[in-house]
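Below is one structure, written out as structure tokens, with a few remarks after it.
There are 2 protein chains.
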Amino acid sequence: MNDPKPRTAISPTREDNYPEWYQQIVKAADLAENSPVRGCMVIKPWGYGVWENIQRALDDRFKETGHVNAYFPLFIPVSFLEKEAAHVEGFAKECAVVTHHRLEANAEGKLIPAGELDEPLVVRPTSETIIGAMFSKWVQSYRDLPILMNQWANVVRWEMRTRMFLRTAEFLWQEGHTVHATEAEAQAETRKMLDVYEAFAHEYMAMPVIKGEKTAEERFPGAVTTYCIEAMMQDRKALQAGTSHFLGQNFAKASEIKFLSAAGVQEHAWTTSWGVSTRLIGGLIMTHADDNGMVIPPKLAPSHAVILPVIHKEETRAEVIAYCERLQKELKALHYAGRSVSVQLDLGEGRGGEKYWSWVKKGIPVTIEVGPRDIANDSVFVGRRDRMDEKRAGMARKDFVAGFLGLLDGIQEGLFRKAQDLQKRHTVTLTNRDEIYAYFTPKNAQQPEIHGGFVDCFFACGPEESARLKEDLAVTVRCIPLAHLEERGTCAITGKSGARRVILAKSY
Amino acid sequence: MNDPKPRTAISPTREDNYPEWYQQIVKAADLAENSPVRGCMVIKPWGYGVWENIQRALDDRFKETGHVNAYFPLFIPVSFLEKEAAHVEGFAKECAVVTHHRLEANAEGKLIPAGELDEPLVVRPTSETIIGAMFSKWVQSYRDLPILMNQWANVVRWEMRTRMFLRTAEFLWQEGHTVHATEAEAQAETRKMLDVYEAFAHEYMAMPVIKGEKTAEERFPGAVTTYCIEAMMQDRKALQAGTSHFLGQNFAKASEIKFLSAAGVQEHAWTTSWGVSTRLIGGLIMTHADDNGMVIPPKLAPSHAVILPVIHKEETRAEVIAYCERLQKELKALHYAGRSVSVQLDLGEGRGGEKYWSWVKKGIPVTIEVGPRDIANDSVFVGRRDRMDEKRAGMARKDFVAGFLGLLDGIQEGLFRKAQDLQKRHTVTLTNRDEIYAYFTPKNAQQPEIHGGFVDCFFACGPEESARLKEDLAVTVRCIPLAHLEERGTCAITGKSGARRVILAKSY
């Protein structure tokens, strides 16, 4: 087949202009699009299909760990937000405020807000305070605990600079909210959900992550401890991909969540919250996509494969399509990662090469081309999205079908290993300031985007020194890895002893 | 077992006070609760579990009929809403308006809205206009058509009088939006989705519905034709349970959705929209619940059965629980209506009778009590939620498990038949005004809620006569049944000829 392949299907490449490459991937893969509403994106069917698979996989894990779903109001009265001081401080600066409940035509016939509310409502940026108000009613006795709930919802944070999936005014997420009788139980829940996120990132997203604790500066507003999973993107920046917060008794006190203990004493409860969002799709893109388009791990791909009938002459059309339909049916009968295999049969118009490349750009794991000559041999012509450097090859249909699930597994595992290699290659252990400054300074001024990586070092900078590092290098502490939580050493920047071992990086 | 059963578990009964009975069912079954945010409810886990099953069943059907899911912005600029005159007229009077994008402390330290937006945003009451703006970009040629999309989302309509599930300021729904090249195709889509809703209502909700067309007064603002499914509740009022709108070219013109036809002509497209919401759960309650609590059809029940271990003596505890766990595992291995059978094992504290009744009130289809004597006989003690008048009976475990799916089917079908009987019993064909007035006038002033029903009659009233009927009897035309769309006769009220055959009823 004569492919109309340019040097790469996506322009610019990652090397040429990484941020612009990202936007082009979102567009070429038809994942999302900016909307006419400031900062709000439209998630298109292919992107939403990825989100549906993320939801299903996570939701199963939440339920397996004893959580139930519920739904709480979109609106939060301002007085609720104010109940926790750090919380309102963190969210008041960027929230959508509802002040009226109807529109009325003015003298010029222009519609203006009318029916002013007694108390303005904020569109939830997160739901601790409104859910806390309900928990305070539901929790009376230790017998009512624990409460283990999750909500799938939209939230709004009025971000000034937005980028599709990574930072949008409205985004979709899940927020878990739990209430416990003891500190230890709440701590265990916080860590358990972090483990769920890690396992999901590794097994489904094929995205290696580092579990860690956030420093005070990066903590969730109102939390005692924020845990996170951090992943390395292909430009070697870090992406915070999920967080789990131990809220101590802060929100229990703010919302008066109290219970009568087994010993007959009134106590404030202990709460947690944890969430991941459509930002994960940004993480998928920057972990796996290449200069030919999106690459989606099979476990999250809306479709696992596409069949492209090759029809050069009208008289072969019926035979080719019938063969493709049988093949589609065979593959659809298989199950992979908890759902039926999904196979597209692309009967659209357009030239074969163009159609093939449109699916490559969408990141479908497997392409299957079938023409009359293949049918004569009962064979199919197979391409793997993760191995674009290999020539597409013909193989017996029977073998292909029998090996299909193994093929998907191979792709899934290969993507994880490749991402893990990148992370390992660009994680360095450094022990002094000069090394760190050199590491985070671009070698090539023409190519400022892709450089640096994760620096594993001991760190004991105070606010001033941290601010300096951020100003000079745009670098911050991404987390204190849980694997090294107890280690202490000499700060690479200040030489202070008793420093904790952290990951430094630029970040999204 | 000594049941602490009052005359009925729910008070008041339907007979005593139907609206209050409804609220008590929502509470006793733990389906939802009012929130501190005006008009917004909290959907609790048991209620949300029903919604998840509704979603899954409908989503499968939408996908089978070629639709894909996507997600569009929560906010709609006022200027978008204004594009379709009837539409803005219909929704401007009750919408949440976002006017600011942050909160700031004033001189007294009180948080007030700040950062006024150039153009106010409305929280979507429905998404025709914002989705239309995207469609106008996506549709260029007849090759881009049809577009068949659906969105699962929250919407807000600032209703003044709210009732949980039936009418709330915020509710959850799905909204399908499609674009077609021809009028005929858009009409066919509108009717196809109405058929999907009818089949879902009958097969899953066990709720008989009448498919019909709305009169101009009850049409969706901006639609050419609104089709609906109408169900009879136990107080014999009608509930509009789903709508499907043929929008003609109204929204295509408002949003400039145009395409180049195969003949090379620029044409406006034809659009449809269709939706059902969490209101369906209100419909489930009023179709099936009784004076002992909720009754959930098995296909939508969050759990199909609960196992209640009967433990009178501590020394039998381990054996009883082990037996129950084995039984739970056996049942969970079964599949019903596209999902694994879900079985609760209630190990909570509390007396057996209380626990049993709490599950009855929640409407779980089957209760299974197991004590040492049952275990000795390898038998279980089974109760059916749909047959509370029958004594719960012991049966061999093996037979019970083997017949479990059939039992669920029997309950599902029985509920449908019972609801259908009610609808038939209270649907009358009337031919004159006096009969109609008598039919809709309560016989007993003490009992104003439950009376009347569906009147099948010919009807040709104008706006004035219709308003009179509404004022006198609170009765409106619910729909023109599709089954009788072409029939004409003599208006039962005015005696005019050429009248259409309609269903008159009070409604929610």
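So the sequence lines, in the order shown, correspond to chains S and E. Using my numbering, the first residue of the first sequence is number 228, and each one after it goes up by one. Using my numbering, the first residue of the second sequence is number 228, and each one after it goes up by one. Every residue, glycine too, gets a C-beta built ideally from N, C-alpha and C.
The ligand SAM heavy atom lying under 8 Å from the CB of Ala479/S
The model depicted lacks the ligand SAM and carries no ligand whatsoever.
Rounded to a whole number of angstroms, what is the C-alpha to C-alpha distance between Lys232/S and Asn519/S?
The residue you call residue 232/S lines up with position 5 of the first sequence. The residue you call residue 519/S lines up with position 292 of the first sequence. Caution is warranted here: a pLDDT of 48 is assigned to Lys232/S, below 50, making its placement in the model unreliable, and the coordinate value is therefore given only provisionally. Near 10 Å, if we compare the C-alpha coordinates of Asn519/S and Lys232/S.
Which same chain residues, not among the five before or five after Arg394/S, have their C-beta less than 6 Å away from its C-beta?
As a first step, residue 394/S is located in the first sequence; it is residue number 167 there, counting from the start. Only Glu386 meet the Cβ criterion.
Within a Cβ cutoff of 7 Å, which residues of the same chain sit near Tyr245/S, ignoring the five residues on either side of it in sequence?
Numbered from its first residue, the first sequence carries residue 245/S at position 18. In the same chain as Tyr245/S, and ignoring 5 residues on each side of it, the C-beta atoms closer than 7 Å to its own belong to Asp462, Glu676, Ile677, in chain order.
Hey, would you say Lys588/E sits closer than 9 Å to Ile523/E, going by beta carbons?
Numbered from 1 along the second sequence, position 361 holds the residue referred to as residue 588/E. Numbered from 1 along the second sequence, position 296 holds the residue referred to as residue 523/E. It is not a contact, given that the beta carbons lie outside the stated cut-off.
Could you compute how far the alpha carbon of Met420/S sits from the alpha carbon of Leu285/S?
Residue numbering aside, residue 420/S sits at position 193 when the first sequence is read from its first letter. Residue numbering aside, residue 285/S sits at position 58 when the first sequence is read from its first letter. The straight-line gap separating the alpha-carbon atoms of Met420/S and Leu285/S is approximately 11 Å.
Strictly below 9 Å CB to CB, what residues from chain S border Ala490/E?
Looking up residue 490/E in the second sequence gives position 263. Going along chain S, no residue has its Cβ under 9 Å from Ala490/E, so there is no contact; the nearest lies around 17 Å.
Determine whether the Cβ of Ser471/E lies closer than 9 Å to any Cβ atom of chain S.
Walking along the second sequence from the start, residue 471/E turns up at place 244. Not an interface residue.
Would you please state the rounded distance, in angstroms, between the beta carbons of Phe302/S and Leu348/S? I believe it to be under 8 Å.
Walking along the first sequence from the start, residue 302/S turns up at place 75. Walking along the first sequence from the start, residue 348/S turns up at place 121. The Cβ separation is near 4 Å, so the contact holds.
At 3 residues or longer, and completely inside the segment 648-698 of chain E: list those beta strand (DSSP E) runs for me, N to C.
654-656, 681-686
Residue ranges of each alpha helix (DSSP H) within the segment 530-588 of chain E, 4 or longer
The segment 530-588 of chain E contains these whole alpha helix (DSSP H) runs: 544-559.
Could you tell me whether any Cβ in chain E is nearer than 9 Å to the Cβ of Gly317/S?
Position 90 of the first sequence holds residue 317/S. It does not: the Cβ of Gly317/S has no partner Cβ on chain E nearer than 9 Å.
In whole angstroms, what is the alpha-carbon distance linking Phe318/S and His404/E?
For the purposes of this step, residue 318/S is taken as residue 91 along the first sequence, with counting starting at 1. For the purposes of this step, residue 404/E is taken as residue 177 along the second sequence, with counting starting at 1. Approximately 34 Å, taken between the alpha carbons.
With 9 Å as the threshold, decide whether the Cβ of Lys320/E is near any Cβ in chain S.
Translated into positions along the second sequence, residue 320/E becomes position 93. Taking Cβ atoms only, chain S reaches closer than 9 Å to Lys320/E, which makes this a yes.
Using a beta-carbon distance below 9 Å, is Phe299/E in contact with chain S?
On the second sequence, residue 299/E is found 72 positions in, with the first residue counted as 1. For Phe299/E, the answer is yes, since a Cβ of chain S falls inside 9 Å of its Cβ.
Identify the contact partners of Thr353/S in chain E, using a Cβ-Cβ distance below 7 Å as the criterion.
Stepping through the first sequence from its first residue, residue 353/S is reached at position 126. Correct list: empty, because the minimum Cβ distance to chain E is about 15 Å.
Is the shortest distance between the beta-carbon of His328/E and the beta-carbons of chain S less than 9 Å?
Residue numbering aside, residue 328/E sits at position 101 when the second sequence is read from its first letter. For His328/E, the answer is yes, since a Cβ of chain S falls inside 9 Å of its Cβ.
Cβ-based neighbour list, Ala256/E, same chain, cut-off 7 Å, excluding 5 preceding and 5 following:
Taking the first residue of the second sequence as 1, we reach residue 256/E at position 29. Here the set comprises Trp273, Gly520, Met521, Lys588, Lys589, Gly590.
Would a check of beta-carbon distances place Phe289/E closer than 9 Å to chain S?
In the second sequence, counting from the first residue as 1, residue 289/E sits at position 62. No, Phe289/E lies away from the interface with chain S (no Cβ there is under 9 Å from its Cβ).
Could you say which of His562/S, Ser500/S, Thr514/S lies nearest to Ser530/S if we only look at CA atoms?
As a first step, residue 530/S is located in the first sequence; it is residue number 303 there, counting from the start. The shortest Cα separation from Ser530/S among His562/S, Ser500/S, Thr514/S belongs to His562/S.
Going by the beta-carbon positions, is the gap between Phe486/E and Gln476/E smaller than 9 Å?
As a position in the second sequence, residue 486/E is number 259, starting the count at 1. As a position in the second sequence, residue 476/E is number 249, starting the count at 1. It is not a contact, given that the beta carbons lie outside the stated cut-off.
Taking the C-alpha atoms as reference points, what is the distance between Leu474/S and Pro448/S?
Position 247 of the first sequence, counted from the first residue, corresponds to residue 474/S. Position 221 of the first sequence, counted from the first residue, corresponds to residue 448/S. Using only the alpha carbons, I get a separation of about 10 Å.
Do Gln650/E and Met459/E come within 9 Å of each other at the CB atom, strictly closer than that value?
Your numbering for residue 459/E matches position 232 in the second sequence. Your numbering for residue 650/E matches position 423 in the second sequence. Contact: yes.
Tell me the rounded alpha-carbon separation between Glu397/S and Glu698/E.
In the first sequence, counting from the first residue as 1, residue 397/S sits at position 170. In the second sequence, counting from the first residue as 1, residue 698/E sits at position 471. Each residue's Cα considered, the two are about 44 Å apart.
Test item: CB-CB of Met376/E and His314/E under 9 Å
Locating residue 376/E in the second sequence gives position 149, where the first residue counts as 1. Locating residue 314/E in the second sequence gives position 87, where the first residue counts as 1. The Cβ atoms of Met376/E and His314/E lie no closer than 9 Å to each other.
Strictly under 9 Å for the Cβ-Cβ distance: is Leu421/E near chain S by that measure?
Residue mapping note: residue 421/E aligns to position 194 of the second sequence, counting from 1. Taking Cβ atoms only, chain S never reaches closer than 9 Å to Leu421/E, which makes this a no.
Is Pro519/S helix, strand or coil when you go by DSSP?
The residue you call residue 519/S lines up with position 292 of the first sequence. Before going on, a small fix: residue 519/S reads as Asn here, not Pro. Asn519/S carries a coil assignment under DSSP once its states are collapsed to helix, strand and coil.
Lys254/S - containing beta strand (DSSP E), residue span:
Translated into positions along the first sequence, residue 254/S becomes position 27. Unbroken run through Lys254/S is the alpha helix (DSSP H), 245-255; no beta strand (DSSP E).
Under 8 Å by Cβ, that's how I've got His472/S and Leu642/S pegged, so tell me the actual separation to the nearest angstrom.
Locating residue 472/S in the first sequence gives position 245, counting from the first residue. Locating residue 642/S in the first sequence gives position 415, counting from the first residue. The Cβ separation is near 30 Å, so there is no contact.
Exposed unless 16 or more other CB atoms sit within 10 angstroms - verdict on Glu714/E:
On the second sequence, residue 714/E is found 487 positions in, with the first residue counted as 1. Exposed is the call here.
Report the option in Tyr431/S, Ala360/S, Arg578/S, Ala545/S whose CA atom is closest to the CA atom of Lys480/S.
Walking along the first sequence from the start, residue 480/S turns up at place 253. With distances taken between Cα atoms, Lys480/S lies closest to Ala360/S.
So, Lys467/E versus Glu483/E, is the Cβ gap smaller than 9 Å?
Here residue 467/E corresponds to residue number 240 of the second sequence, with the count starting at 1. Here residue 483/E corresponds to residue number 256 of the second sequence, with the count starting at 1. It is worth fixing the name first, because residue 467/E is Gln in this sequence and not Lys. No, Cβ-Cβ distance for Gln467/E and Glu483/E is not below 9 Å.
For the segment 725-732 of chain S and the segment 681-689 of chain S, state whether three or more C-beta atom pairs, one from each stretch, are separated by less than 8 Å.
yes
Using the rule of at least 16 other Cβ atoms within 10 Å of the residue's Cβ for burial, across every protein chain shown, is Thr668/S buried or exposed?
Here residue 668/S refers to the residue found at position 441 when the first sequence is read from its first residue. By the neighbour-count rule (16 or more Cβ atoms within 10 Å), Thr668/S is not buried but exposed.
If the cut is a Cβ gap below 8 Å, which residues of chain S does Pro272/E touch?
Here residue 272/E corresponds to residue number 45 of the second sequence, with the count starting at 1. Under the 8 Å cutoff, chain S gives Val295, Asn296, Ala297, Met376.
Does any C-beta atom of chain S lie closer than 9 Å to the C-beta of Phe302/E?
Counting from 1 along the second sequence, the entry for residue 302/E is found at position 75. So, interface residue.
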